[in-house]
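>
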Amino acid sequence: MKHKSQFPTLEGRAVLSPMSGVTDVAFRALCRKYGAALTYTEFVSGTAIIRGNVQSLRMIKTDPIEKPVAVQLFGANVDDVVEAARRMEETFDIIDVNCGCPAWKVIKTGAGSELLKKPQGIASFINKLSSAVNKPVTVKIRIGIDDQSINAVEVAKLAEDAGAAAIAIHGRTQKQGYSGQANWDIIKQVKDAVNVPVIGNGDVFSPETFKMRLDQSGVDYIMIARGAIGNPFIFTQINDFLKDGKYVQGNRVKQFFEFFELAKKYKIPYPSIQTHAMNFTKTMKGGAQLREALSRCKTEEDLIMAFGKTNMGE
Numbered sequence: 039m040k041h042k043s044q045f046p047t048l049e050g051r052a053v054l055s056p057m058s059g060v061t062d063v064a065f066r067a068l069c070r071k072y073g074a075a076l077t078y079t080e081f082v083s084g085t086a087i088i089r090g091n092v093q094s095l096r097m098i099k100t101d102p103i104e105k106p107v108a109v110q111l112f113g114a115n116v117d118d119v120v121e122a123a124r125r126m127e128e129t130f131d132i133i134d135v136n137c138g139c140p141a142w143k144v145i146k147t148g149a150g151s152e153l154l155k156k157p158q159g160i161a162s163f164i165n166k167l168s169s170a171v172n173k174p175v176t177v178k179i180r181i182g183i184d185d186q187s188i189n190a191v192e193v194a195k196l197a198e199d200a201g202a203a204a205i206a207i208h209g210r211t212q213k214q215g216y217s218g219q220a221n222w223d224i225i226k227q228v229k230d231a232v233n234v235p236v237i238g239n240g241d242v243f244s245p246e247t248f249k250m251r252l253d254q255s256g257v258d259y260i261m262i263a264r265g266a267i268g269n270p271f272i273f274t275q276i277n278d279f280l281k282d283g284k285y286v287q288g289n290r291v292k293q294f295f296e297f298f299e300l301a302k303k304y305k306i307p308y309p310s311i312q313t314h315a316m317n318f319t320k321t322m323k324g325g326a327q328l329r330e331a332l333s334r335c336k337t338e339e340d341l342i343m344a345f346g347k348t349n350m351g352e
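Sequence positions in the sequence shown follow our numbering and run 39 to 352.
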């Protein structure tokens, strides 16, 4: 099938992965500022969107300053996902389908990585969706259900033929969850098997690893997930390392205060701000004690006071 809409050429090679509870509009905007070439919303239920679920609608809030931005949809009901995509295609640059989430609450409904059990079903899903919207439709998958049923190449080729404009692949199986190691050899096999852009994902926590995986696999882009949590500056570091072979350390406290201003602008709920605040303490000197203090905070003012007592360093 000829792709109705091509995947855009991005400014860089590093992409912010969709992450539940992390990639809200404030965090995405900050990652874009620091050099993420593309960001994704948290994964959101197509059914919840068309039913007007308030929390789900908040998850797809966006701002033109973060473009390009993708919305990631999930659901076992294809018609609901298609209708949700139709409603959002004017807002988002890319419509992504989640066929990789290993969480029980998702796979028990037949969505997420459970779809990998029926590759032809994924193809049908992509075909119907890409025929219904004018924006690029992409898919995120895992390498298979378990080690005995690795089918990433088959799924990727079927998705491409069905109209997928790009394939994102996490190098673990559904059964692995986030344990063990990501298999970048299979990611390379997918890259070699399709003609659309491939976005690799899994265990990239540093600029050095980013470049190694890029060179090893030949993928077009790499998604940063856990490596970006509380660390949006990783995108600046990656871009600098790819350009000059060196990079500087960031200031987590400064980054948190930047996030906080964006969170206020976009009216991010306090519990989410508190979670982000604790994420920013990773690798900081005295981070454990600061996290303990942050966990006791009840207001935004409390968070600011707790961070204000740090030395503004790493």
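C-beta atoms are modelled at their ideal positions from N, C-alpha and C, and glycine is treated no differently. Model, not experiment: these values are computed from the prediction.
Looking only at its own chain, which residues have a Cβ that is under 7 Å from the Cβ of Ala-263, when we skip the five neighbours before and after it?
Ser-55, Met-57 and Asn-239
> Pull up the CB-CB distance for Asn-136 and Leu-154, whole angstroms please, since I reckon it's below 8 Å.
The pair is not a contact, with the Cβ atoms about 11 Å apart (cut-off 8 Å).
> In angstroms, rounded to a whole number, what distance separates the CA positions of Val-119 and Pro-157?
18 Å
> What would DSSP say about Val-177, mapped onto helix, strand or coil?
strand
> Exposed or buried, what is Arg-210 when buried is set at 16 or more other beta-carbons lying within 10 Å of its beta-carbon?
buried
> Just verifying my parser: in three-state terms, what is the DSSP assignment at Asp-134?
strand
> Give me the Cα-Cα distance between Tyr-285 and Ala-203, rounded to the nearest whole angstrom.
32 Å
> In three-state terms, what does DSSP make of Ile-188?
strand
> Just tell me which of Leu-341, Pro-235 and Pro-106 has its CA closest to the CA of Leu-332.
Leu-341
> According to DSSP, is Tyr-72 part of a helix, a strand, or is it coil?
Tyr-72 carries a coil assignment under DSSP once its states are collapsed to helix, strand and coil.
> When we look at the beta-carbon of Met-250 and count the other beta-carbons within 10 Å, is it buried (16 or more) or exposed?
If you draw a 10 Å sphere on the C-beta of Met-250, you find fewer than 16 other C-beta atoms in it, and that means exposed.
> Measure the C-alpha to C-alpha separation of Asp-258 and Ala-74 and round it to an integer number of angstroms.
14 Å
> Would you call the CB atoms of Ala-114 and Ala-86 closer than 8 Å?
no
> Go ahead and pull the three-state DSSP assignment for Arg-89.
coil
> So, helix, strand or coil for Ser-83, using DSSP?
Ser-83 falls in the strand class under three-state DSSP.
> Does the region 183-202 come close enough to the region 125-132 to have 3 or more Cβ pairs within less than 8 Å?
no
> May I ask which residues mark the beginning and end of the beta strand (DSSP E) holding Met-126?
The continuous stretches of beta strand (DSSP E) do not include Met-126, which lies in the alpha helix (DSSP H) extending over residues 116-126.
> Terminal residues of the continuous alpha helix (DSSP H) containing Val-144?
142-145
> May I ask you to list the residues that DSSP assigns as paired with Tyr-259?
Ile-237
> Can you tell me whether Tyr-78 is buried or exposed? The criterion is at least 16 other CB atoms within 10 Å of its CB, across all chains shown.
buried
> Note the first and the last residue of the continuous beta strand (DSSP E) segment covering Ala-204.
Per DSSP, the unbroken beta strand (DSSP E) holding Ala-204 starts and ends at 204-211.
> Taking all protein chains shown into account, decide if Ala-67 is buried (16 or more other Cβ within 10 angstroms of its Cβ) or exposed.
buried
> Roughly how many angstroms separate the alpha carbons of Leu-48 and Ile-179, rounded to a whole number?
Taking the Cα positions, Leu-48 is about 21 Å away from Ile-179.
> What did DSSP end up calling Gly-159 once you bin it into helix, strand or coil?
Helix at Gly-159.
> Excluding sequence positions up to five away, which residues of its chain have a Cβ less than 8 Å from the Cβ of Leu-95?
Ile-87
> Which first and last residues belong to the beta strand (DSSP E) in which Leu-54 is found?
52-54
> Specify, as a first and last residue, the run of the beta strand (DSSP E) that Leu-111 falls within.
107-112
> State the Cα-Cα distance for the pair Met-350 and Gln-227, rounded to the nearest angstrom.
Below a pLDDT of 50, predicted positions are generally treated as unreliable, and Met-350, at 45, falls in that range; no measurement from the model is reported.
> Output the boundary residues of the alpha helix (DSSP H) element that contains Gln-19.
The question about residue 19 has no answer here: the residues shown for the chain are numbered 39 through 352.
> Whose C-beta lies closer than 6 Å to the C-beta of Pro-309 among residues of the same chain, with five residues either side of it excluded?
none
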